[in-house]
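All remarks here apply to the structure that follows.
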Amino acid sequence: MKLETCIFRFFDQYLPRVKGSSDQTIKAYRDVFSLFLPFAANRRSIQIASLRVEHLSPEMLLSFLDHLESDRGNIVRTRNQRLAAIKSLAKMIRLMYPEKREVAQRILNIPQKRAQKQLIGFLYPDEILKVFHCVNLIKKNGFRDYTILHLLEDSGARASEIATLNLDYFDPQNSALIILGKGNRYRRIELEPRT
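The number in the working numbering is simply the position in the sequence shown, starting from 1, with 640 added.
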């Protein structure tokens, strides 16, 4: 079976319709396959269009993952994200092409690489105040910037989540925000009265 047939179905049907993946996830997975397919074709000395599902072997994938780390300088977390995208394709193959279940299962058996946990940096309260004091409230965008900084500090939300906010997401009666987060999931965050 041609791999391109599976990949087309993966992006056209499985991710958006079966899994309900976000546009960002689909784009990230496309980036993975834009790296993996040329690598796999080059390894087998064939055209990308000639790749078959049977060419997806643990050896091929492990070689690709090593290439990401050693040649492209990817960190372990990035490597594991790339592996997750390929495993998602394997799950689709296992579900929609039962005759290829064994190939898919061999891919799914590849473990994620352990990554060294890094300490997350933080600011002390006096350092946070210094950041707030850097904002010039007299300037045109000063109040906006000050508000964004307070929201980031109080809510713990990602910058991208704050950037997508509009007034409809603010509940002034309960001092709360509704935030659209990763995976298109909403969550409610209570705000401090000062915010």
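All C-beta atoms, glycine included, are put in the ideal place defined by N, C-alpha and C.
Keep in mind the model is a prediction, meaning the values are calculated, not measured.
Check, Outcome
"Can you tell me whether C646 is buried or exposed? The criterion is at least 16 other CB atoms within 10 Å of its CB, across all chains shown.", "buried"
"I'd like to know whether the C-beta atoms of M732 and Y669 end up nearer to each other than 8 Å.", "no"
"Indicate whether the contact test is met: 3 or more Cβ pairs, each with one atom in the stretch 794–813 and one in the stretch 772–781, closer than 8 Å.", "no"
"Pick from Q745, A755 and K770: whose alpha carbon is nearest that of P698?", "Q745"
"If you run the structure through DSSP and keep just helix, strand and coil, what is E830?", "strand"
"For F772, count the other beta carbons within 10 Å of its own beta carbon; 16 or more makes it buried, fewer makes it exposed. Which is it?", "exposed"
"Looking only at C-alpha atoms, which of L675, F673 and M700 sits nearest to R684?", "M700"
"For the alpha helix (DSSP H) holding I788, just list the boundary residues, first then last.", "G782 to S795"
"Can you tell me which residues form a DSSP beta bridge with A755?", "None, per the DSSP bridge assignment."
"When you compare each of Q752, A730, T665 and P751 to V743 by their alpha carbons, which one comes out closest?", "A730"
"Please state whether DSSP places D766 in a helix, a strand or coil.", "helix"
"So the candidates are V658, P678 and R734; which of them puts its Cα closest to the Cα of H707?", "P678"
"Look at the alpha carbon of Q687 and the alpha carbon of F676, and state the distance between them as a whole number of angstroms.", "13 Å"
"Which whole-angstrom value describes the C-beta separation of V775 and D766, a residue pair presumed to lie in contact below a C-beta threshold of 8 Å?", "At roughly 16 Å, the Cβ-Cβ gap does not stay under 8 Å, so V775 and D766 are not in contact."
"As a quick exercise: from K822, F704 and K667, pick the residue whose alpha carbon is nearest that of R798.", "K822"
"Let me check understanding here. Comparing Cα to Cα, which of K753, I802 and K667 lies closest to I818?", "I802"
"Taking only three categories from DSSP, how would you classify L805?", "coil"
"Measuring straight from C-alpha to C-alpha, what distance separates R828 and S800?", "16 Å"
"Would you kindly work out how many angstroms separate the C-alpha atoms of Y764 and P833, rounded to a whole number?", "20 Å"
"So is L705 buried or exposed if we call it buried at 16+ other beta carbons inside 10 Å?", "buried"
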